[in-house]
Amino acid sequence: IHLKKAKYTEAQDKFIRALNLLPHNDQSQKKAEILNGIGLLAKKCSDYDQAISNYNKALEIADTNSDLWSEIVANLADLFRKKGNYNESRDLYLKTLKQLESVHGHNHPLVADVMNNLGILLKKEGKYIEALDYFKQALKISKHYYGHKHESIGMYLGNIGDIYRKRGDYKTAEVTYKKALAALEESLGPKHIEVAELLNSMGLVLNKRGDYDGAEALYERAIKIVKYTFGPNQEHYKLGIYYNNLADLDRKRNNYEDALRIYRRAFTIIEKTLGPEHSEAADILHNIGQVQHQLDNDKQAIVHINRALAIIKKEFNEQHYKYGIFLNSLGLVYATMNDYDTAYEHVKQALQILLATLGVDHIELCDVYVNLGDICMKIVAEMDNKPKDQYENQESTEKQIVLNEAKNSYSEAHRIVQKAFGAEHTKTKQFLSLLSIANNYKAF
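Each residue of the sequence shown is one higher than the last, beginning at 1 in UniProt numbering.
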């Protein structure tokens, strides 16, 4: 009960007392339950080594045909997922799912929990369609079993909202998040850690819409809940994630020194809790690189973004959507250094990755298209400034090809942002202006 209510100090005391009441050589299912509970508590507090130790002890004595065994294996899979070991995590989830379905059938809440966790794993890998399918299956099972007011409804709805947000459908995401928040606050209370996660997600939507004040208020509420839950001195990994998002707002407001300070604080927390090679660390390194670029420290920007790329390549592969996003940022750095060939190569590759992983209408494509258009326009200008020679006709044809690519890029950016935010949005007008400049460009 204390664990579900996020009262972790009280939960730890109860678990330790219960464990001490058992005989030293006890091998009962009760002991396995307690060890699993201690492991879950350690996981919630980001003490993953302690969690793994207790889960393994519990597995040694748990009945392999029991729901408890399946729960412990699923909890172990959660740990591997949080540490970025996705293949190990997937194997354990599928093993658990197979056993639970053989015992309980396909419509049991324990099955729903594992489906939800598989969905989270797929979301991390950028496989949004597959993830959404698992989340919707989990939600359907949970509604059938519990009704509409159970905590699991709020958590599954929150994950569904994440998919809509990741796919750039912010209106649907916001509606889904509000339903999730109502369910979680009613079932768990307004200060529960799951509520903090949802507030952070809602803040990300406002961030994308340019409502930085609204996003900041939600991030601050989420941070306050984490500190309330774990104590002001506990460096929980969620704090690192929320601080990273908070720093993003300062970066977008051009408060670069403040952003850099908060990013570094976030990285220190993630480094201590998840490790320096985790994808969450890569996100922060990429963001630090963006700030360094804005501060004209382009060499440092390249170093940080390349570190982020190396982590994503190692944890996932070169076709992951984050690899595409980071490559786009790297290309932008090279563009400001007037190395347009390298910039074009990186941004073009980024576009191909994002089109393959996110689809043709995703909002993340807008900045990539605009960067590609800008680079193409710079290349055209360079061609115009070259001395005319006997290859003038050939160069004119090449120039027109590059100019057409710029026009197409701006046109796609305008189409996507207008579809997402409407004709009156600032970016819609900005991209239309860029398209107009390209259309009216007169080569020398």
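Note that beta-carbon positions come from the ideal geometry of N, C-alpha and C, so glycine has one too. Quantities reported herein were computed from a predicted structural model and do not represent experimental measurements.
DSSP state of Asp341 mapped onto helix, strand, coil: helix
For Pro109, the three-state DSSP class (helix, strand or coil): helix
Buried versus exposed call for Ala356 [16 or more other C-beta atoms within 10 Å across all chains shown]: exposed
For Ile363, the three-state DSSP class (helix, strand or coil): coil
Whole-angstrom C-beta distance between Ile363 and Ile416, which should lie under 8 Å: 6 Å
Buried versus exposed, by CB contacts within 10 Å (16 or more), Ile129: exposed
9 Å Cβ cutoff met for Glu194 and Gly203: no
Thr336 (DSSP reduced to helix, strand or coil): helix
Cβ pair Val205, Tyr170 closer than 9 Å: yes
Continuous alpha helix (DSSP H) assignments of at least 4 residues falling wholly in the segment 88 to 142: 109 to 124
Nearest-angstrom Cα separation, counted from Asn255 out to Ala247: 9 Å
Val205 beta carbon near the ligand ADP (any heavy atom closer than 8 Å): Summarising the ligand content, the structure contains no ligands, and the ligand ADP is consequently not present.
C-beta atoms of Val347 and Asn317 nearer than 9 Å: no
Three-state secondary structure (DSSP) of residue 447: Lying outside 1 to 444, the shown extent of the chain, residue 447 is not represented and no answer is given.
Coarse secondary structure for Thr357, derived from DSSP in three states: helix
Candidates Tyr146, Lys227, Gln349: closest to Glu197 by CA position: Lys227
Classification of Ala423 by the beta-carbon crowding that lies within 10 angstroms, buried from 16 upward: exposed
Same chain, Cβ closer than 8 Å to Lys83, neighbours up to 5 away in sequence not counted: Tyr48, Leu274, Gly275, His278
Distance CB(Met377)-CB(Glu398) smaller than 9 Å: no
The segment 293 to 302 contacting the segment 333 to 345, beta-carbon criterion three pairs below 8 Å: yes
Lys178 at chain D interface by Cβ criterion, 9 Å: Among the chains in the structure shown there is no chain D, since it carries only a single protein chain.
CA-to-CA distance, Ile160 to Asp437, given in whole angstroms: Residue identity differs from the one stated: residue 437 is Ile in this sequence, not Asp. Approximately 40 Å, taken between the alpha carbons.
Terminal residues of the alpha helix (DSSP H) in which Leu260 lies: 256 to 273
Separation of Ile288 from Arg264, as counted between CA atoms: 8 Å
Cβ distance (whole Å) where Leu68 is taken to contact Gln29 below 8 Å: 6 Å
Rounded distance between the beta-carbons of Ser152 and Leu121, thought under 8 Å: With 8 Å as the limit, Leu121 and Ser152 do not qualify as a contact, their Cβ atoms being about 18 Å apart.
Pairwise C-alpha distance: Asp211 and Ala183: 25 Å
Outcome for Glu412 when other beta-carbon atoms lying within 10 angstroms are tallied against a minimum of 16: buried
Per-residue DSSP class, three states only, for Gly289: helix
Terminal residues of the alpha helix (DSSP H) in which Ser152 lies: 151 to 166
Alpha-carbon spacing of Ala222 relative to Asn200, whole angstroms: 6 Å
Top-ranked residue by Cα proximity to Gly214, from Gly240, Leu249, Glu185, Lys31: Leu249
Whether Leu358 touches Gly168 by CB criterion (9 Å): yes
Whole-Å CB distance - Ala74 paired with Asp113, under 8 Å assumed: 7 Å
Contact set for Ile141: own chain, Cβ-Cβ below 6 Å, skip 5 residues either direction: Asn107, Ala112
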